[in-house]
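A.B. asks: The following block contains the structure, expressed as structure tokens.
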Amino acid sequence: MRFPEFWAPSPHFASTPRHERRGVCFHHSVLGFSETIAHMQEPESRVSYHLLIAPDGARARLVSEEHVAWHAGVSVFQGREGCNAFLLGVAFAGDTYAAPLTEAQIESALEWLEARWAERGWSLGWITDHRQIAPGRKDDLAPAEWTRLRAAIAARFGAPDR
Ligand SMILES: [Zn+2]
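Counting in the numbering used here, the sequence shown runs from 1 upward without gaps.
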């Protein structure tokens, strides 16, 4: 692996039922990398992503992918409510309205996806962001950055829209 990855466990998840891992919802955290980890480890916050990606591409794993992390809230995707049950939550540290994703963040996300894409049977149609599954309530990612990320994923995995 090109980018370092480490555990920073968050208590904000449910162990049952097991996570379905049908696809991925991308977020931005607004806060910086270490601030976001600290927030997700606070007992009161009741939120966590599965994975957080720093501007330099380093990845913090917060919740096991077998568990349902609390990242999406009220949400709908592919006609189904409660996206936490079936979409993993991956966040980029920072605010994509204030600064674009770094190349390292995108490369790191691709590296993480690559390790799972075929095994999980993922396709572009099952990759989304928080803005699209909670419209009017959440605005991450910035549309231009979502377009950039999606193009990079499409280029890497060569998947047509499905
Ligand atoms: Zn979000």
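We treat Cβ as the ideally placed atom computed from N, Cα and C, and that holds for glycine.
Just so we're clear, the structure is a prediction, and the values are computed from it rather than from any experiment.
1. Within the chosen definition, does the segment 31 to 51 reach the segment 150 to 160 through at least 3 CB pairs nearer than 8 Å?
2. Name the DSSP bridge partner or partners of Phe6?
3. Considering only C-alpha positions, which residue in the set Leu110, Ala99 and Glu66 is nearest to Phe13?
4. Taking the Cβ atom as the reference point for each residue, do Gly89 and Ala69 lie within a distance shorter than 8 Å?
5. Jot down the residue ranges of each uninterrupted alpha helix (DSSP H) in the segment 17 to 85, minimum 4 residues, whole runs only, in chain order.
6. Is the separation between the beta-carbon of Val24 and that of Leu101 shorter than 8 Å?
7. Would you list the residues whose beta-carbon is nearer than 6 Å to any heavy atom of ligand 1, in the order they occur in the chain?
8. Going by DSSP in three states, Ala154 sits in which element: helix, strand or coil?
C.D. replies: Based on what the coordinates show:
1. no
2. Ala60
3. Glu66
4. yes
5. 33 to 41
6. The answer is no: Cβ separation not under 8 Å.
7. His27, His130, Lys138 and Asp140
8. Three-state DSSP puts Ala154 in a helix.
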